[in-house]
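**Q** Got a structure here, written out as structure tokens. Questions coming.
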Amino acid sequence: MRLIVICGATATGKSDLSISLAQKIDAEIINADSMQLYKGMDIGTAKISTEEQQGIPHHMLDLLEVNQDANVAWYQEKARSVISDIHARGKDAIIVGGTGLYIKAILDELNFPDTDPVVRAELELEFATKGIAPLFERLEKLDPAAALAIDKANSRRVIRALEVIKITGKPFTANLPREESSRYPYAKQFGLVMDRDSLSERISLRVDRMWEKGFVQEVEKLLTAGIMQGTTAQRALGYAQVIAQIEGKVTQEEAQEETKRATRQYARRQETWFSRDERITWISPVQNSLERILESIN
RNA sequence: GGUCGGGUGGCCGAGAGGCGAGGCAAGGGACUGCAAAUCCCUCUACACGGGUUCAAAUCCCGUCCCGACCU
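Here it is as structure tokens:
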């Protein structure tokens, strides 16, 4: 049974390609996009519609309410069990998405130390009242290697490192595997690349289409569904901007421009992330990408 | 034509004789429980020409451009 990954920056055409491939080899698709996990977030995440799915089974889509929060550890476990199921059915699995950490969490032996809401809350309170300095100093004492690797200003990562140390009683760095170890050595990863200008154009077009398709109405529904009670979903690209538009803080034009800009920046971050993984075979979507993938998996 | 106020890096914007404000954009990078998140780095500018001064984006003179008002 095969495991194929299609990754790359947003708007490079991953979904379309994955459908063609799935049809060709009779595979099932697993979403690896952190925001498409949420129900009701369809237009703004460019989620594939039921018709577009063409009958290909899709997994890891629409699993969470907008007032809940996703996290990697949960995703990792769930996605891996989906892979087992698909393989047990004798079919190939295709992972498709742009959330680098999520894909890595499936493929590699990443073991996420547990989280503790009480410990977390204490650390966050300390950060809110005293700032990052005392927290970072403690990290320097308890785990110099981690302090070296994590930037002082990155409070989120400093807090998590301290949380792990507190819970496990071991340094944060000790919890990280030292070498890349693949859980699915047979997995084949493909990355879609596109030059910046073309990508920028596609993003611009896509964002304009979102508003035409009723992005604002979608967000209005999500506001009712409690998107503001969650922490993650409301920060998704475009959603934050539409919320600002609904609140009258920005005009529609500003919201669209801001969404385009933020999406371009996101695409850059995705490229940076994926470029580190040497296992990825890069292909350009303008060329016969489907043939190229079929060639290398057969 | 006259008076006044301005001309600062791709954009916005402070500084008003002497250590390269800052923000945004752009580019590069980091990344193990919020990851479409969080964070780091880079990008030596003062309209032009003279002058004063040890030192000028900052002062003086002239030129050009922009704006407001006056005729």
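Going by my numbering, the first sequence opens with residue 455, and the numbers climb by one from there.
From the three backbone atoms N, C-alpha and C, an ideal C-beta is built for every residue, glycine too.
It should be emphasised that the depicted structure is a prediction, and the values quoted were computed from it without experimental measurement.
Using the Cα positions of residue 575 and residue 569, report the straight-line distance between them to the nearest angstrom.
**A** Roughly 11 Å separates the two Cα atoms.
**Q** Looking only at its chain, what residues have a beta carbon closer than 8 Å to the beta carbon of residue 523, apart from the 5 residues adjacent to it on each side?
**A** 684, 685, 686, 687
**Q** Could you tell me which uninterrupted beta strand (DSSP E) segments, each at least 3 residues in length, are contained entirely in the stretch 534 to 611, listed from first to last along the chain?
**A** 546 to 550
**Q** Ordered along the chain, which non-local residues of its own chain (more than five positions away) have a Cβ less than 7 Å from that of residue 563?
**A** 631, 635, 637
**Q** Using only the alpha-carbon positions, how far apart do residue 697 and residue 727 sit?
**A** Distance between the alpha carbons of residue 697 and residue 727 is about 28 Å.
**Q** Can you give me the C-alpha to C-alpha distance between residue 730 and residue 644, rounded to a whole angstrom?
**A** 13 Å
**Q** Which residues share a DSSP beta bridge with residue 644?
**A** 460, 735
**Q** So, residue 713 versus residue 695, is the Cβ gap smaller than 8 Å?
**A** yes
**Q** Name the one or two DSSP bridge partners that residue 636 has.
**A** Answer is 562, bridged to residue 636.
**Q** Can you tell me where the beta strand (DSSP E) holding residue 483 begins and where it ends?
**A** 481 to 485
**Q** Kindly indicate which residue of 710, 495, 483 has the alpha-carbon position closest to the one of residue 678.
**A** 495
**Q** Taking just the CA atoms, how far does residue 743 sit from residue 504?
**A** 24 Å
**Q** Write down the C-beta distance between residue 464 and residue 693 rounded to the nearest angstrom, noting that I regard them as a contact closer than 8 Å.
**A** In fact, because the Cβ distance is near 14 Å, the residues do not count as touching under 8 Å.
**Q** How is the alpha helix (DSSP H) around residue 651 delimited, first residue to last?
**A** 650 to 666
**Q** Could you check if residue 595 is buried or exposed, using at least 16 other CB atoms within 10 Å of its CB as the buried criterion?
**A** exposed
**Q** Quick check: the Cα distance between residue 578 and residue 488, rounded to an integer number of angstroms?
**A** 24 Å
**Q** Please list, in chain order, all residues of the same chain as residue 536 whose beta carbon is under 8 Å from its beta carbon, the five residues on each side excluded.
**A** 484, 513, 514, 547
**Q** Between the Cα of residue 629 and those of 567, 526, 462, spot the shortest distance and give me the residue it belongs to.
**A** Of 567, 526, 462, the residue nearest in Cα terms is 567.
**Q** Could you round the C-beta distance between residue 648 and residue 466 to whole angstroms and report it? I think they count as a contact, below 8 Å.
**A** 5 Å
**Q** Does the stretch 529 to 544 touch the stretch 595 to 605, meaning 3 or more C-beta pairs lie closer than 8 Å?
**A** no
**Q** Just curious, the alpha helix (DSSP H) that residue 696 is in, first and last residue?
**A** 693 to 700
**Q** Any idea which residues DSSP pairs residue 518 with across the strands?
**A** 492
**Q** In or out: residue 520 buried (at least 16 other Cβ within 10 Å) or exposed?
**A** buried
**Q** By alpha-carbon positions, which one of 675, 616, 475 ends up nearest to residue 745?
**A** Put simply, of 675, 616, 475 the residue whose alpha carbon is nearest the alpha carbon of residue 745 is 475.
**Q** With a threshold of 8 Å on Cβ separation, who are the neighbours of residue 700 within its own chain once the five nearest residues in sequence on each side are excluded?
**A** 670, 673, 674, 677
**Q** Could you check how far apart the C-beta atoms of residue 621 and residue 573 are, in whole angstroms? I think they sit under 8 Å.
**A** 6 Å
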